[in-house]
Structure formats: C-alpha cells, structure tokens
Amino acid sequence: MTGISETATAATAAPADDATPPFRYTAELANEIELRWQGYWERHGTFHTPNPVGPLSDGYDAVPGEKAYILDMFPYPSGAGLHVGHPLGYIGTDVLGRFLRMTGRNVLHTVGYDAFGLPAEQYAVRTGTHPRTTTEANVEHYRKQLRRLGFAHDPRRSVATTDPEFFRWTQWIFLQVFNSWFDAEANGGVGKARPIAELEAEFAAGARPTPSEKTWGELTFAEQQKIIAGYRLTYIDEAPVNWCPGLGTVLSNEEVTAEGTSEIGNFPVFRRNLRQWMMRITAYADRLVDDLDRLDWPESVKSMQRNWIGRSTGAQVTFRLDGTKEYDDVSGDTPSIEVYTTRPDTLFGATYMVLAPENPLVNRIVAASWPNGTKDVWTGGAATPAEAVAAYRFAASRKSDLDRQESRDKTGVFTGAYAINPVNGARLPVFIADYVLMGYGTGAIMAVPAQDERDWDFAKAFDLPIIRTVQPPDDHDLDTAFTGDGPAINSANDDISLNGLGVADAKARIIDWLQDKGFGTPQVQYKLRDWLFSRQRYWGEPFPIVYDENDVAIPLPDEYLPLELPEVENYSPQSFDPQDADSTPVPPLARATEWGTVTLDLGDGPKTYRRELNVMPQWAGSCWYELRYLDPTNENAFCDPDVERYWMGPRDDAAPAGVKDPGGVDLYVGGVEHAVLHLLYSRFWHKVLYDLGYVSSEEPFRRLFNQGYIQAYAYTDERGFYVPAEEVTEEAPGEFRYQGKKVHREYGKMGKSLNNVVTPDAMCENYGADTFRMYEMAMGPLDVSRPWQTKDAIGSLRYLQRLWRVVVDEQTGDAVVTDEPADPETRKLLHRTIDGVRTDFANMNYNTAIAKLIMLVNHVTKAGGRVSREVAEPLVLMTAPLAPHIAEELWQRLGHDASLARGPFPEADPVLIKVDEVEYPIQVAGKVRSHVTVAADADAASIEQAALADPRIVELLAGAAPRKVVVVPGRMVSVVP
RNA sequence: GCCCCCGUAGCCCAAUCGGCAGAGGCAGGCGACUUAAACUCGCCACAGUGUGGGUUCGAGUCCCACCGGGGGCACCA
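Here the working numbering is used: the first residue of the first sequence is -17, the next is one more, and so on.
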C-alpha cells in the first residue's frame, strides 16, 4: 500500500483567492458540489436498478424503457491504488449508462472486485498479514477512489470474488461442470453438456457399452468412477503441465508466454508430468470458434481466439512400416505411423517422415544397424541408429522451448527405419527431429518438402529428394517450397489421379480414396489444449472435492458450501529455485493438516476423507461474475433464471440480419490483454451453464469494446534515474528540463517506478472529478491510446466554468438565466447540437460530443447578456452524463427538485435541424473555383443551372460548353471543361 | 518471417457514401481586466493529411509499393 497523494503536482488549477469571484466554479467549489451530490445519490439510492423479479425488484413497475446491461472488466484491487489510466473505461461506460438512463432505459451498471490472486498472497508471505486483510483494505481503498469519481453504479450489486457468498457459487458451478459430460452427438452433432447421471444411466442400462469385459453393475464404484472421469468436463489427469518453480505453482497454457516464461513474474516454466485438475475446454473448441461469428467483438480479439483455438482440417493417414525388420518384440504386428496432415493432396510428394523425438513409437522402430543407402549426414556421426537416436533425444530434452525457437536450423537423425507411402509404395526414410512436436497431431508427420517450407529446409539439410506435386506459377522462386494453390502434378497411381485438380478438389478426392482403401480418415485438429485448473496457492477458491480411501474424487454436497479456506501459519507454497525443473509443487493447504482430512457422512455413514489441497486459478471468479451482478443477494441460486433472461437473454433485434443473437451483456468494456484468457474461459463456463439450462444466453458478452490505454511520458536524468514527471518543463521543442537540468524523455506506461504516476485523487483535488471525467473523455476516442498531459485538463475546467456562468452569477450565486426565448440562430444551433450529441453519445464518440457542447457554450457566451432557459437547460442536461455533479447542481439551481439522473434528455426538433439553403462548392478541373447558394430541396438540374450561371464559372469556361458536369445533391458541383 | 491496426497543425484530436482539410482542446502571439502576476475573457496565427505511384471530374478517405509507430502469431504439419 502506498500513499496516493504523495505525487507532486506542478500544473494545477489556480486556487481561489481574494480576487476570485465568490461563486466562481473553482476546484474547491467543484469538490464541495461533488461530495454533496455523491452523498445525495447514495442516500436516495438514485442508481439502484430494479430487477424484474426478486428482492431487488422495487421500482421495476416504473421502468419506462428497455434494459441495458453495461459491464466493465472488474479490477484486481492492487495495493498501489488507481492511477488516471485505470478509470478510462469506467468513465466511458458511466457516460453511456447515464445517457441511456436519462433517455428512459433501465441501466444495470456496477463494479466488483476480482480479489483472489497472487499479490495479496505474496504480501502475506512477506509480512504474515492474512491475504483477506490486505484484500479487504485494498477493496476499500478502490471503493473510495471510484466513489470519488461519481459513477452511477448500483452499490448493492458490487461483489468481490473473495466473499464467501460469492465463491460459494463459484464452487457450485465447479460442481456442475464436474457433474457433466460432453455429448458430442447431441444437438445435431453440435454437442452439449449433459448431467453425468444420464451417462451413468446409459452405462447401467447397457445402452452404452463399458470399456471393459464386465458390465456396469459388475464394476466396483472405483472402477466405475475411473471410467466416468474420462467423460467429466473437469477431471484429474496426469499430463505434461507447465510447472513454474519460481512461482511454486503450475500454470495454464494461456498463462505462459511464447518465450516459455510465466506471464506473471517472468519465471522459467518447465514441462512436467503431474496430476492436476483439468477443464475439458477442448470439447467446446468448435462452438467457441463458430460462435465468434455471432459476436459483436473487435476483429483483433476474434482472430486471437481463432488463432489460439487453432482449428485445422485435414486427414489422418496411416503409413505402414517397411516390414523387413522383426517387429514381434511386443505384439508381433508390424507397427505403422499415424500422421496428421492438412495437405493430403500432396501425399505423392512425401519423400521422408519425421517423428517427434519424444514419440514412444521411436523405440520400437529403431533399426539395429544403418541400412544400405544411409547418408552420412543422417547418422549424426553415431555408429548405430540406436546411438544416434539416444544422443539426439538427450540433446533435445536439454533444450528449452526458448532454445528450440532461437534456432530454426533443422536438426535430426535417421532411425534406420522406412515407411511405405500408401499412395505409391515408395520407401520413405523415418527421421526424428525436434521440429516435429509431440504435443500436436500425432507427433509424427509425412514430409513434403516441395509444398512445405520446414520440410524443404530439412530436405536441403539432409539431402533428401524433393518432388513437386503442385505446379508453382512461373514467377515462383524455384529454390523454395510452394505452399499456394495450383494444379496438382506428379500425383497419380494406377487407381487415382489428382493431376490437374486444384488444392481443395485434390484434397477431397484423395481423402475419399484413402478412406475407401482404409489408409486414412478426415480429421480436425486443434491447438487448444484442456485448461489446467489447479494452482498450488493459498489465496484462491478451495475445490469442493474430497477423496475416499480409493482416491476417488467425491463432490461435496451443496450444504457444505461455501467451503472456506483454513487458517494457516505460512501462506507460501514451498519455494524453489526458479531454475529447478525437477522440483515438485506442494500446495500451502498441505500445511493445514487438520483441515486436510475430514469425517463426513455422505450417505453411507461417517467416513474419513482427504480434502483436495489445490485451489482454483484466479480466472474462476471472473468466469461468471457478470451473472452474479444480476442477482447478488440470491441465496438459492447463483442467479434467478428470470432475472438472467431479462438482462442477458437473446433478442431477435439485437443481432444483424442472418445472425442468431446469442444474448449476453449488451456492452463489455475492457483492455485487450484478456483476449484469450478471461474471455475464452468465461465463454466456456457460460456455454456449460447454457447447456445445463441455467442460463438462456449462449454467450456471456454480446458486444465487446477494447478501450485504449492512457500512457505517459517519463524522464530520466543523466544518471538514468527517473525524475518526477510532473515537474519537468519543456524549454524548447524536444528539450526537457528538471530543476534546470536537461532530462531525457521516454514514452510508455504510467508506473511508480517511472516516477510518472498521476492519481485520480490528485486530479479530483486539483480540478474536481467532473473536470477529470470530462478531460479523459475529451482526449480522443475511447479505443485509442493516448499520452496523459495533466495541464491539458484546464480546457475541460474552462468549459465547466463557462457553463456555470451561463446559469450562475459569479458574484451573487443567483441563477441568471432568462425566460425570454432564444434568438432563432441560437435555437437552430441548439437543436443541431442536441441532434449531434445524441448520436455521439450513443456511439460513444464522447470527444466529438464534447466539441459540440463547447461550441454551443462558446456561442451563447460570446453573444453576451443573459442566456435563455430554453438553451441553458438542455446544455446542463447534455453535460450531465459527462460531468454529473455540476449538472445536478445547476439543474437544482435552475429550480428543479428532482435529480436529472432519469432525464429528461433534450430532444431535437426535426424542423429546426433542417437546413433550407445549401452552399455548393463549384469545382472546375478538380479545383474549387466558386460557390453558389441554392435551396436545400433544389433538384440536380437547377443546381447545375445555378452553378453554370455563376459569373466566375462563366468566366472560366469562356463560352465553351463543359464536357461534363457532376452534381452531387447536398455536396458539390464539379465542372469538367 | 507472417498477419492486423494506426500515421492530419508544436501536441491531443475532427472531417457521413470518395465531395470546400478544421469541430474542439492544450501550448503560442496580441489585447482586455489587474498596482502587478495568476485566473478569467476576447481576438489571431499555425498543417495540405508519413513517402512515392495509381484509379477518379474529384482522394485524408479506395488500390499498390515503401517508411515509421503499436499489437498479435511464430517450427501447430
């Protein structure tokens, strides 16, 4: 925890002094007004949003219009508190929510806290403070900071994932997932989750055969459960996982960077086989990809998810090994190699094969000695294939993922074995090489160097033949592979010819043939792996699972929820040397020895059970929090189905034509960094809940918007130390000084270590929350990143001061508007402004809305004299979503008793927006030469006539008839001489 | 290496379907107010749209190439 107001602030609004008029809108006055109205809103429950049914339904009958569910990605409450970058999205959603509420919508908007997580735990490890203590203090601090900004949040709906009343349902949902399996046949092959009980019934009835000799009834409970575990949507598996000794925990694939380090802390991550909880997210891979098309999301996020799921279609093909070697060591069968390929059309061009070094098949196929025809480069210098393979495997095992990436040079050794190409009987030498990964496909490939760059490189390095089976275009560099489309060549046997076919047709033809002959089948592959769900940490949700004497995982019955964390002496997972790949995780809960075993009566008398000692990852709570906001006090369900249907249910009119609306939150705003973590996990959980009938929406977030980041300049002195950014001055363009000395400017994040943090607290103190909100929205469109410049905020303060003076006399504090009507010009401007501001707000174009408001204020200010109420009131109302406190204050001073939170919002008179005359620019030879003013409803012919009659144009044409005249009604006239 | 997004005034940003490059703000200059300064108010100036081609009557906007910035992916067969 740090002090938040220690930041020095050089540029601030000038303080009020004796010379300042007594009722000027200064920072001091703004602060007084803001605190007062925040108190008012809280006392009156102004932003309590009614549900259609249930305990929060008070006031629902008075709701005038449609609902709108607006959501921010909830924050992790860190000890450092907020800086000015954090609230950007929250202000954006607040402005929209306030605007919609003023126009009659029932707006649900609140904020909660993603409060389980590593920092509080690491702080606990260092200081012994319970993570709950730290977390609750941080949440309190965040609440205060956010409250000060005047958000129209429903405070009753704010939850924290660490509340037992919240994680009780996180655990409950986990159990629903545990008690479900994915029936891929269901729903016309789309597949859906179904209760495990239905699966057990199928086994028991014999409708589904057991994978053993015995019938279901003959199997023991433990044996049955072992079979069932292979179906559950969450299950324990011994599998290669990402073990991060530096953090003392395992991590999901999504939490590991491409460099093979942990996303948090940047520690090395190692692949280890460990027993861990997994979530069968891969069962949903198709739906997760396909349903992206139904979402109103940024294309970049969609493409990141598509990429992560990595669906590809191709074929699995069987290559028989050349049967000259004795393979009767195990089964007597001649082994074969299964490969996955997306290019079965290139089968005729396969010239060798590669197994991943870790592929278990390697042991069986290694030849006793180098066969005839073995080239020197294939042997790795070893005397026998076995030696070469052993040496290569050893070397490969020593390479980290990072090492593998650093060099793309192709390495490998020959196994001494040959496989037979099913399409032409060619003998293909089988290699092992680390460019083939065990974790994808079958861990084996057919290599087609002519149509694959990697295979090309390997073939060149190992002197292997290259056969082109797709005709490259004439301009193709013949020293490279050709991976594009083209007619097949060299691709025929006695039975089938692909020659002349394009890639797609050739694929279809050969797959049919392979299937016909029993050599292969069509196959879909995914990069997505199951989600590793357990963590060796303390500060997370405990699994509601116990184990019986046979190690069978038993779900805790509902009445045992929430299962709370035990008190422990020491919060740290066992700590390890970050480089120690062979260490083994030990969860902190293992220290709670009494808690770890428990005697329960789960139906067959009291028995002793062992508890699960891992906890859930931080993503668990954020997988469903948007549902809890809807019905936060419900003790019987995570959310009432009627409430969910009202706020998130699918609606025909919410999707573009031809798209079946999946439902979900109407607008979800947050940073792009969650593109494949939170946003993929929560979609998965939501789909399970949908399949099980708990929610009516198929997707959690119908529309997603990524806000930009507020970045900041940082300055280093000649020693390289960061100096306080707020005290740096620009002496000349590009020349920056701190205390007279030159400093060097950098651009990037805002952070304590860069000495450039500006807090919302400081902005409120020096300008007021309304100015701060206004400035953040005026800086540019919400989705664009921009640099923070504290001094620029003065412009927003000036606007609010002018608005204030429109209503209030700075000397007396009295309202000064007149009841005289506005002059026609002002009235027209007003209605054009209303029209534009409405559109801009609805599209979240706040910067342009602000520009229009400033124009109107400047217009009436410039005119001098008292401003008509007819203009002043709409101005105040239109400013309200952006700067709600001053707007409430002025609204009251204009004589209104009620809050403006529910409107009215001004409406533009269509008659007044209409223009009756249009000034057309006239271009001659593409250059603007003159202007002519014509009635707005004039037809093209009369516009042309007027333009050609213009003296300047007559002069330019000098009597010649124009070759062509282009008239764009409402726009311009172009004359081609 | 591949893919995506963005380059408009000193700075942050506007500019419907391709139709007069400027809405707004900051900074700057001049002036009013002030004993003075700050605040406030008024007025003013400032770019031809990263570069080079192309399409068009007309290009900031569309197409191609390149340069600069940001992001994603990176042996996924």
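For every residue, glycine included, the Cβ atom is placed at its ideal position computed from N, Cα and C.
May I have the straight-line CA-CA distance separating residue i from residue j, to the nearest angstrom?
i	j	result
T8	V739	24 Å
D165	V283	28 Å
W606	T152	8 Å
P(-3)	C226	Any reading at P(-3) must be qualified, since the residue scores a pLDDT of 49, below 50, and its modelled position is unreliable; the value itself is stated next. For P(-3) and C226, the distance between alpha carbons rounds to 53 Å.
T830	M759	9 Å
L686	D278	6 Å
T343	M335	The residue you asked about is not Thr; residue 343 is Leu in the sequence shown. When rounded, the distance between both Cα atoms is 13 Å.
S162	G587	26 Å
L446	I493	26 Å
S790	Q783	Position check: residue 790 holds Val in this sequence, whereas Ser was assumed. V790 and Q783: Cα-Cα distance of roughly 10 Å.
N825	V766	15 Å
A106	T117	10 Å
A175	R80	39 Å
P614	V141	7 Å
E184	E531	27 Å
A62	I73	20 Å
By a C-beta neighbour count over all protein chains shown, 10 Å radius and 16 as the cutoff for buried, is residue i buried or exposed?
i	result
E435	exposed
D622	buried
T85	buried
E523	buried
S194	exposed
A639	exposed
V641	exposed
E549	exposed
Y650	buried
L545	buried
Q793	exposed
Return the chain-ordered list of same chain residues with a C-beta closer than 8 Å to the C-beta of residue i, the five sequence neighbours on each side being excluded.
i	result
G795	P4 and F5
L90	T31, K49, A50, Y51, I52, D136, R139, Y611, L612 and W629
Q287	L270, V271, L274, A657, V658, L661 and L662
T465	Q433, D434 and E435
F620	W151, W154, I155, W606, L609, R610, D613 and Y676
Ordered along the chain, which non-local residues of its own chain (more than five positions away) have a Cβ less than 6 Å from that of residue i?
i	result
Q207	V534
V957	V906, P944 and V947
M55	G652
What whole-angstrom Cβ distance do residue i and residue j have, given they're in contact under 8 Å?
i	j	result
E626	S678	6 Å
G292	L510	6 Å
L785	T861	6 Å
P431	T324	About 16 Å; that fails the 8 Å criterion.
R592	V232	Not a contact, Cβ separation roughly 20 Å.
P339	D391	The Cβ separation is near 16 Å, so there is no contact.
F156	P455	Wrong, their Cβ atoms sit about 55 Å apart, outside the cutoff.
G653	N616	The pair is not a contact, with the Cβ atoms about 30 Å apart (cut-off 8 Å).
D752	I836	In fact, because the Cβ distance is near 14 Å, the residues do not count as touching under 8 Å.
V452	V485	7 Å
In chain order, what residues of the same chain have a beta carbon less than 7 Å from the beta carbon of residue i, not counting five sequence neighbours either side?
i	result
E103	P113, R519, Y520, W521 and Y553
V223	V232, R254, L256, Q258 and L514
N737	A696, Y704, V705, P706 and A707
P353	G398
T28	S881 and A883
M420	A338, E340 and N341
Looking at residue i and the ligand ZN, is the gap between the Cβ and the nearest heavy atom below 7 Å?
i	result
T772	This structure simply doesn't include the ligand ZN, nor any ligand for that matter.
Worksheet item: Can at least three beta-carbon pairs, one atom from the segment 213 to 221 and one from the segment 252 to 264, be found at a separation below 8 Å?
Response: yes
Fill in: Segment contact flag, the segment 431 to 446 with the segment 243 to 252, C-beta cutoff 8 Å, min 3 pairs
no
Item to complete: May I ask you to verify whether the segment 396 to 406 touches the segment 340 to 349, counting CB pairs closer than 8 Å and requiring at least 3?
Response: yes
Worksheet item: Does the segment 124 to 142 touch the segment 577 to 597, meaning 3 or more C-beta pairs lie closer than 8 Å?
Response: no
Worksheet item: Is there contact here, the segment 870 to 880 with the segment 898 to 909, by at least three beta-carbon pairs under 8 Å?
Response: no
Worksheet item: Quick check: the segment 16 to 25 against the segment 117 to 128, are there 3 or more CB pairs under 8 Å?
Response: no
Worksheet item: Touch check for the segment 827 to 843 and the segment 740 to 759: three-plus C-beta pairs under 8 Å?
Response: yes
Discussion item. For the structure I just gave you, are there three or more beta carbon pairs, one from the segment 851 to 865 and one from the segment 811 to 820, closer than 8 Å?
Written reply: yes
Worksheet item: Do the segment 91 to 101 and the segment 889 to 899 touch if we need at least three Cβ pairs shorter than 8 Å?
Response: no
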